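Asks:
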Amino acid sequence: MTAEVNASLDFNTTTFPNKRQSADDLKAVGNEIRRDIIRMLVRAGSGHSGGPLGSADIFATLYFGGYMRYNPADMNDPSRDRFVLSAGHMAPVLYAALANAGCYPKDEQATLRQYNTRLQGHPGRDMHLPGIETSSGSLGQGFSIAVGMAMSDRLVDKSDKRVFSLTGDGELQEGSIWEAAMSAAHFHLDNFCWIIDNNDCQIDGRLPDVMNVYPIDAKCESFGFDTITVNGHDPADLMRGFDRFIENQKNKTGKPTAIIAKTYMGHGVSFMNDKFEWHGKPPTKDQAIAALEELAQMP
Amino acid sequence: MELLGSKPTRFGFGDGLVELGERHSNVVVLGGDITGSVMTSLFKEKFPDRFFSIGIAEQNATTIAVGLALSGKIPFFASYGAFCALRNADQLRISVCYNEANVKIGGGHAGISVGPDGATHQVLEEVAFLRTLPHMTMVVPADYEEAKKATIAMGEMVGPAYIRFGRSPVPMFTTPDTPFELGKANVVMDGSDVAIIANGAMVWESILAAKELAKKGITARVVNVHTVKPFDFATVTAAARECGCIVTAEEHQVHGGLGGAVAECTAKNAPVPIEFVGVKDSFGGSGDPEELMVKFGLTWKEIYASALVAMERRDKGSSGVRALKEVASYTA
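So the protein lines, in turn, are chains R and B.
Quick note: the first sequence uses this note's numbering, first residue 1, plus one each step.
Quick note: the second sequence uses this note's numbering, first residue 1001, plus one each step.
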């Protein structure tokens, strides 16, 4: 795409294939996801900027790196792998990933948070947007639902379908997260992959100041997860994490996988980068134009 | 209406689950550690491959059930109502009901008749909460057979459903042939002087009260509203219009439960005097079930007295003081 198209406030029609591709190509997908997040949020006038921008590379790698097996034309296909966004407030990044995969029209992203939209402020299953597996937004719950899905696939149906779930790191303060983590290990769900978006920020500030959840890796390990920490802005490193999960499943290790993705909230937009103030607000029009111009310089 | 013995309603839940398991291979059950107590142990013995122990983690069990439901299973999770209706309230609201997930919850140890375990385990508030949840079906069966039928019915309908059952034996008066339909109240005894609208263990007490009222020449219509949601507006409205006054009876707080539902219905459709029999804004306590039912005013005597008060309020437009004085000597 041209820099001009990339810097535009308007949505384009480009979609990307879901197959194993180079880290550079995934980087480009991540940046288009970022641009769509900016385009969505500035129209909506409310919503979360920081987390979605910071996790764009995770979604690019998961949805466009060949790890999630799905058919964009039929997101109800019973053989699909499933992804559950437990951190429901990060909905814009999921919506952008699904749009760029071709699950629904890209220009529908313009309806984020509007009356009757399929792109609810937090994911609403009642709106039937293709790829939304469950409503989420009350933190901790989506993760536990995902464990239930993985139990259904592995223990009841004996299939090799995969279930992925992304939580925030502040979300780890919810006690039910650890109930569910205990269950994933107890039931030997090697078809289950937990991604933790570790940007160290929540609405009120830095994690250790609000309520310390560290060490995250040792907690996940002790709860029975094969745990790997990666650079959440480097698709090559993210692929290392997802490859480890695929290996665990293939080798029937009986262990679920946890990928701790180190990220910066608002990554890709310099004036938002690593600033928790950007957790829950959208850019103004001027800020959006500045952000898109900056992102247009990226691949 | 004759007494056919007594059994806890939880036995009906346990037996109903086994029958459901035989009928449907996608019924799965989640245990919350107290499986023997809430009778999911019967299913576990029969279908070990479809039983999953989640431990003492009601929030997680509820949301795991959602994951299973969204994968085409029919999951049941049972625990004590205090923990599987209220501790997990947020999970029920967002993950179960907003998702319209096909999750079934069995809430045991309901009401004061739990007995010695005391107030922490005697849930008296969950009907009020559950009936406000969109998409929820909420059943309070009156005896063993009804609990069994309700369990099977909720397993065979699509959508979130909750069944409330008790620990202690309660009188049995319905049979396998008694009609049961979710959302359709049963008129247990016909009458036109006063309507007694009850569910759970209070239906039998209502029958006893009606029999006692009959000795005074008063015919009471006893209505068993086993399904609090969806509510049977037609049957309750007809009872209000044709009897002109109502007593509600439930083993639950008088606020927000069956009595609240009846009041909402009649205030709109057919305003009549209502007297509420139930727990009056207090917590329970330890004791034998029978002595607790007396202490908290959950016997036929309170229903009987309330019927006279309701009739006096209807007939004389008074507060019912005269009737209260009369029954004070009668029930002493």
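Glycine is no exception: its CB is placed at the ideal position from the N, C-alpha and C atoms.
On a predicted model such as this, the values are computed, not experimentally measured, just so you know.
Label B:D1281 either buried or exposed according to how many other C-beta atoms from any shown protein chain fall within 10 Å of its C-beta, with 16 as the threshold for buried.
Replies: It is exposed - the Cβ of B:D1281 has fewer than 16 other Cβ atoms within 10 Å.
Asks: For R:E171, go through chain B and note every residue whose CB falls closer than 7 angstroms to its CB, in chain order.
Replies: Under the 7 angstroms cutoff, chain B gives no residues; its nearest Cβ is about 14 angstroms from R:E171.
Asks: Just to confirm before moving on: does the CB-CB distance between R:Q21 and R:F64 stay below 8 angstroms?
Replies: For R:Q21 and R:F64, yes; Cβs fall inside 8 angstroms.
Asks: Find the nearest neighbour of B:V1203 within the set B:A1267, B:V1277, B:R1322, judged by alpha-carbon distance.
Replies: The shortest C-alpha separation from B:V1203 is found at B:V1277.
Asks: Check whether chain R comes within 8 angstroms of B:T1040, counting only Cβ atoms and requiring the distance to be less than that.
Replies: It does not; no Cβ of chain R falls within 8 angstroms.
Asks: Nearest-angstrom Cα distance between B:F1011 and B:V1018?
Replies: For B:F1011 and B:V1018, the distance between alpha carbons rounds to 11 angstroms.
Asks: By the criterion of Cβ-Cβ separation under 8 angstroms, what are the contact partners of B:F1052 in chain R?
Replies: Those are M151, L155, F187, listed as they occur along chain R.
Asks: Give me the DSSP bridge partner(s) of R:W194.
Replies: The partner list for R:W194 (beta bridge, DSSP) reads R:S165, R:A258.
Asks: Can you tell me which of the three DSSP states B:A1201 falls into?
Replies: Three-state DSSP puts B:A1201 in coil, outside helix and strand.
Asks: Sort out for me which residues DSSP pairs B:I1246 with in a bridge.
Replies: BP columns for B:I1246 point to B:A1195, B:I1274.
Asks: Of all the residues that make up the segment 66-84 of chain R, which are near chain B by a beta-carbon distance shorter than 9 angstroms?
Replies: Result list: P78, R82, V84.
Asks: Counting only Cβ pairs nearer than 7 angstroms, list the residues of chain R close to B:A1065.
Replies: The answer, in chain order, is G148.
Asks: For the ligand HEM, is there any heavy atom lying closer than 7 angstroms to the beta carbon of R:F192?
Replies: No copy of the ligand HEM appears in this structure; indeed no ligand is present at all.
Asks: For B:G1287, collect the residues of the same chain with a Cβ closer than 8 angstroms to its Cβ; drop the 5 residues on either side in sequence, then sort them by chain order.
Replies: So the qualifying residues of the chain are G1115, P1116, K1295.
Asks: If you run the structure through DSSP and keep just helix, strand and coil, what is B:S1306?
Replies: Here B:S1306 sits in helix by DSSP.
Asks: Can you tell me whether R:P52 is helix, strand or coil according to DSSP?
Replies: R:P52: helix per DSSP, three-state reduction.
Asks: Along the chain, which unbroken stretches of the beta strand (DSSP E) at least 3 residues long are found entirely within the segment 1029-1058 of chain B?
Replies: You should have 1051-1053.
Asks: Output yes or no for whether 8 angstroms exceeds the beta carbon distance between B:V1027 and B:Y1080.
Replies: No.
Asks: Going by other Cβ atoms of all chains shown within 10 Å of its Cβ, with 16 needed for buried, is B:K1301 buried or exposed?
Replies: With 16 or more Cβ atoms within 10 Å of its Cβ, B:K1301 is classed as buried.
Asks: Would you mind sorting R:N116 into buried or exposed? The rule is 16 or more other CB atoms within 10 Å of its CB.
Replies: Under this definition R:N116 is an exposed residue.
Asks: Please report how far the alpha carbon of R:I38 lies from the alpha carbon of R:R113, in whole angstroms.
Replies: About 14 angstroms.
Asks: Output needed for B:K1184: all residues of its chain with C-beta closer than 8 angstroms, excluding positions within five of it in sequence on either side, in chain order.
Replies: T1227, D1232, T1235.
Asks: Classify R:E179: buried if its beta carbon has 16 or more other beta carbons within 10 angstroms, exposed otherwise.
Replies: Buried, since its Cβ has 16 or more Cβ neighbours within 10 Å.
Asks: What's the C-alpha gap between R:A261 and B:F1077?
Replies: Computed Cα separation, rounded: 34 angstroms.
Asks: Short of 7 angstroms in beta carbon distance, which residues of its chain neighbour B:M1001, apart from the five on each side in sequence? Order them along the chain.
Replies: Only F1173, V1188, M1189, I1207 meet the Cβ criterion.
Asks: Kindly indicate if chain R contains any beta-carbon less than 8 angstroms away from that of B:Q1091.
Replies: B:Q1091 counts as touching chain R.
Asks: Assign B:L1003 to buried or exposed, taking buried as 16 or more other Cβ atoms, counted over all protein chains shown, within 10 Å of its Cβ.
Replies: Counting Cβ neighbours within 10 Å, B:L1003 comes out exposed, since fewer than 16 surround it.
Asks: Return yes when the Cβ of B:T1151 is within less than 8 angstroms of the Cβ of B:K1229, no when it is not.
Replies: Not closer than 8 angstroms, so no.
Asks: Any idea if R:Y67 is buried or exposed, counting beta-carbon neighbours within 10 angstroms, 16 or more meaning buried?
Replies: Flag for R:Y67 reads buried.
Asks: Across which residues does DSSP place B:Y1080 in a beta bridge pair?
Replies: DSSP lists B:G1108 as partners of B:Y1080.
Asks: Name the residue from B:E1242, B:G1244, B:S1192, B:N1199 whose alpha carbon lies nearest to the alpha carbon of B:T1219.
Replies: Ranking B:E1242, B:G1244, B:S1192, B:N1199 by Cα distance to B:T1219 puts B:S1192 first.
Asks: So, are the CB atoms of B:A1249 and B:A1310 less than 8 angstroms apart?
Replies: Result no, Cβ atoms of B:A1249 and B:A1310 do not sit closer than 8 angstroms.
Asks: With burial defined as no fewer than 16 other Cβ atoms inside 10 Å of the residue's Cβ, what is the status of R:G47: buried or exposed?
Replies: R:G47 comes out buried.
Asks: Can you pull the chain R residues whose beta carbon is under 8 angstroms from the beta carbon of B:S1079, in chain order?
Replies: Residues of chain R passing the Cβ test: none, with the nearest at roughly 14 angstroms.
Asks: With distances taken from CA atoms, which of B:K1215, B:G1200, B:M1293, B:E1264 is nearest B:P1008?
Replies: When each option's Cα is compared against that of B:P1008, the closest is B:G1200.
Asks: If distances are taken between C-alpha atoms only, which option among B:F1051, B:L1130, B:A1239, B:I1094 comes closest to B:Y1162?
Replies: The shortest Cα separation from B:Y1162 among B:F1051, B:L1130, B:A1239, B:I1094 belongs to B:L1130.
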